[in-house]
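The structure under discussion appears below in the form of structure tokens.
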Amino acid sequence: MQRRTFLKRLATTSAGLALTSGMGAVPRNAYAKRKKQDFGEIKSLKVECISETSWFDNPTLGKDIKAAGGINTNQYDVTYNEENLGGYAALIEVEALDGKKTKYLLDSGWSNDWMDYVFQKSGVDKMLQNKEIDTMVISHDHIDHYFGIESTLKHQPDIKMYFPSTSMKKSFELLKGADFSSTPGCPKNAHPHTGELIVTKPDQLYKLQDGAAVVFFDAPATLQVRGENVMYFKIKDKGYVTVTGCCHPGILTLINYARRNFKDGKKNYGCYGGLHISPFENWDPKMDDIIAGVKQYDMQKIACNHCTGWIWAEKAVKAGLPIVPGTDKFLSYKKVGTLAKANTSNVYTGNGDTVVF
Amino acid sequence: MGTQNIRQGWLAERQLAPRWNVWASGLLNLVVLAVTAMVVWWIFFSNGGPLKLYTPLLGFSLVIWVLLVIIWQTEYFDYWPLKRPYLDAAHPLQKGGILTGIALGVYFVFIFGIMFYIIGRYGITYFNWNSLTQYGELGQDVMSTRETTSWAFICLSVPFLWLTTVLMVGGDKTAWPDSLQPGQGLANWLLMGLLSVPLYLVFFHPHIGSMFYPAQVYAAVPPWWKEIAGTNSAEYGLGILFCSVIVIFITLQLWEGRPWNLVKGQPWKFIAVVVGGLLLGFLFFKIQLAVMDYLWDEAYIGGQNEYNYGWRYSHTVTMGNFILVPAIILGTYFGEAFSRLAPWLRGLTMSVLSVILGLLFAWAYYAWAPVLLGVCEGVSHPSENPSAFLVLLIVLLNIHDAFMDKWPGYRLVAPEDLQR
Ligand SMILES: [Fe+2]
Ligand SMILES: [Fe+2]
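Which chain is which? The protein sequence lines are A and B, in order.
For reference, each letter of the first sequence is one residue, going 1 to 357 in the numbering used here.
For reference, each letter of the second sequence is one residue, going 358 to 777 in the numbering used here.
Rendered as structure tokens:
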């Protein structure tokens, strides 16, 4: 505490004040002072990997992006090799304390061709048609999570939807029925969204039901995309589980957010989804830091895939982190990623796999 | 007297005078600098320009090495092979063109010729991105390998920059003082290079060894600093060494070499610069980290963006450069406006001004650079490293001052004029 007072005094100089204005990416009020939020509990959580293969070959996508001017080009200005495209989506089933089950859909992938295939394979298409899926959460408007929105809306245009406020203008237009498909790999949507739209803003908690919530994080990502909706679940007697699309804010940001803001926030049980550490399988010592960081917390189940990076997951296993092993189910899909084919270590929760928390 | 002159070097002996009053001359020069910087940035670096070298690490590695070459040219080699009569008489534009051409030539020969093509092809894989893609497997594609190699060049530049600075300030060219150029320059350069290599191996090579999967533990020890730094990243050592360089540069610009020149005789002066520079640099580093802790709360192991220890260490360099740029501008373009103040008061006034201007500059950069320079928005964006632009400014300031006599705002005063 003494240190803290010293710091406060130090920063009340004009230097400290000038630094504050306009510099923080995220507004930072003292977490400790904040009242801990309590959004209830659920009995259990089941997550099914509808698809985690956003594209099937890393170098091919890398070349497309490089040709368009690099990773900071607008995602709607890149010409993509259409053969290479897949998408990300997850089906979430919550069992409430009273036993009632509710389904949520996280993201709608990229290629409509691929998404139609995986939705049909997993039965998501029928669930949408029968309105069995209560709500959809768009994690962020990245190519592989959002460009395939038509595949969902054609079955249920009036689905209730959580959508990040930081999304690009074109992404909002796509929701209303725009067509950008003259550029290969860019999306179109012939089924405008007609349901309730909740545009999520930073530092706010959106409760889905008792024990389930969406929190929006304003974090930078590639291709000029910003911000991500993260799903938090609190499982009775176990603790918090996060479900993410890409996890651009960083897994330790999510863990720390829970610790600082939620009741019993120190109980971190697990996570599901992309962790955006090494999507292109290149390594940096900072990724070792993430392993060391996660190890500090008592996570029980880490189900990762998508942009986590195989090599991160493999190293995490070696370091003793509880990575949930996947099955070989993904091999039965009509397309398999070049990396998944080469790697048999099954450290990913692959297409068709289910995890229960 | 003759040897005395040679030891001083042309840069230190040369006398410049503002063409008009100090403020008018200085402001004109500032405008020239700003316009040149924008043009150079858009042509070579910007994400929206033709060459897109701001990846960001490739751009940073380029400007930092060019800066080093310029310092060697002026401080170690005394403008060799150009002769004094030419330096005294040539038009600043012509002189600037030739000297900048030499600097870029040396850069290409040293970095691309020797380090990239020879060492990167036949010695150390990571110094050549093509070698990394050729021999590497998983994840070693063009986009990532270019950043890895650029990062290696940035890492290599830091010990070179630190030793160039401490030898320049602390060494006083007392090593081989009577040799003629280029012998004297070469001897000092070789000494600096020789000392840089072990520093690089200890502080940076372990980082690059762990940039691959599996980690290259037989060639490089795993980062030994991780307990101290809270990260495996070499940004810890980079931050401290770079902050030390920045602080020493500020003492040269604004304090006329104080306190170092109060220490007389060797090896004492050299020791004073090494130890004092590291201490002041470390203090500068720590103060900045404390400010960041206050603004953003403490970082944590494995944190992302501004919560990452490594990012914060790098950010001390960024903010240090934001302060160094106005310090150099004040010193070179407007220094005479403060000449009536007593040296210590002058140093203090200009330092405080530099910090204030530096913070304003940082604020303006983060607010407007996405539009003006085409960089990514956000202080901790992973594709953002303002040091590329800031070091480019320092390079241009050095070219303008050392190679072009601060033309057009200033002019060279002939020795006869001084005697009159
Ligand atoms: Fe993403
Ligand atoms: Fe993704």
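Glycine included, every Cβ here is placed at the ideal spot set by N, Cα and C.
- C-alpha of D64 of chain A to C-alpha of H142 of chain A: approximately 15 Å in a straight line.
- With a beta-carbon spacing of about 5 Å, S553 of chain B and F517 of chain B fall inside the 8 Å limit used to define contacts.
- When C-beta atoms of the segment 424-442 of chain B are compared with those of the segment 89-99 of chain A, fewer than three pairs fall below 8 Å, so the two segments do not count as touching.
- Using beta-carbon distances, K286 of chain A counts as an interface residue toward chain B, with a partner under 8 Å.
- Contact annotation: P157 of chain A and H193 of chain A have beta-carbon atoms nearer than 8 Å.
- About 5 Å separates the beta carbons of P539 of chain B and W437 of chain B, which is inside the 8 Å limit, making them a contact pair.
- Considering only beta carbons, the part of the segment 287-299 of chain A lying closer than 7 Å to chain B consists of D288, D289, I290, A292, G293, V294, Q296, in chain order.
- Ordered by chain, the residues meeting the criterion of a beta-carbon within less than 5 Å of a non-hydrogen atom of ligand 2 are A:D144, A:C246, A:C307.
- The C-beta of M500 of chain B comes closer than 8 Å to at least one C-beta of chain A.
- F561 of chain B is a Cβ neighbour of G594 of chain B, given a cutoff of 8 Å.
- Cβ neighbours of L223 of chain A within its own chain (closer than 8 Å, five residues either side excluded): I65, I71, N72, T73, N74, Q75, V78, H142, I143.
- Buried is the label assigned to I290 of chain A, since at least 16 other Cβ atoms lie within 10 Å of its Cβ.
- Bridge pairing for M136 of chain A: A:L105, A:M161 [DSSP].
- Here the alpha carbon of I605 of chain B sits roughly 22 Å from the alpha carbon of A694 of chain B.
- In this structure the segment 648-665 of chain B lies against the segment 285-302 of chain A, because at least three pairs of beta carbons, one per stretch, are closer than 8 Å.
- Taking the CA atoms as reference points, K36 of chain A sits about 8 Å from D264 of chain A.
- Ranking B:Y690, B:D650, B:W725 by CA distance to the CA of L754 of chain B puts B:Y690 first.
- In this structure, G274 of chain A sits near G245 of chain A, with a CB-CB distance shorter than 8 Å.
- A distance of 8 Å or more separates the beta carbons of L128 of chain A and I149 of chain A.
- Within the segment 200-213 of chain A, not one residue has a Cβ closer than 8 Å to any Cβ of chain B.
- Sequence-ordered contacts of the segment 387-409 of chain B with chain A read N404, G405, K409 [C-beta pairs closer than 9 Å].
- Taking C-beta separations shorter than 6 Å and ignoring five residues to either side along the sequence, the partners of G40 of chain A in its chain run D210, G211, following chain order.
- At a cut-off of 8 Å between beta-carbon atoms, N662 of chain B makes contact with chain A.
- The shortest C-alpha to C-alpha distance from F262 of chain A to any of A:K121, A:N84, A:K170, A:K207 is the one to A:K207.
- Checking the 7 Å criterion, the Cβ of H142 of chain A is within range of a heavy atom belonging to ligand 1.
- Relative to ligand 1, the nearest heavy atom lies less than 7 Å away from the CB of H248 of chain A.
- Assigned with DSSP and collapsed to three states, C733 of chain B falls in coil, not helix or strand.
- If you draw a straight line from the Cα of D107 of chain A to the Cα of F330 of chain A, it is about 19 Å long.
- The CB of L252 of chain A comes closer than 8 Å to the CB of Y657, I658, G659, G660, Q661, Y664 in chain B, given here in chain order.
- Closest by C-alpha distance to M676 of chain B, out of B:L710, B:L461, B:L698, B:F641, is B:F641.
- With respect to the 8 Å criterion, L611 of chain B and M525 of chain B are not classified as neighbours on the basis of their beta carbons.
- For the options A:T53, A:E132, A:N81, A:R226, the alpha carbon positioned closest to that of I138 of chain A is the one of A:R226.
- Under the three-state reduction of DSSP output, S44 of chain A falls in the strand class.
- In this model, K295 of chain A and L387 of chain B are separated by some 51 Å (Cα to Cα).
- By DSSP's assignment, L385 of chain B forms no beta bridge with any residue.
- Beta-bridge partners of F216 of chain A (DSSP): A:N229.
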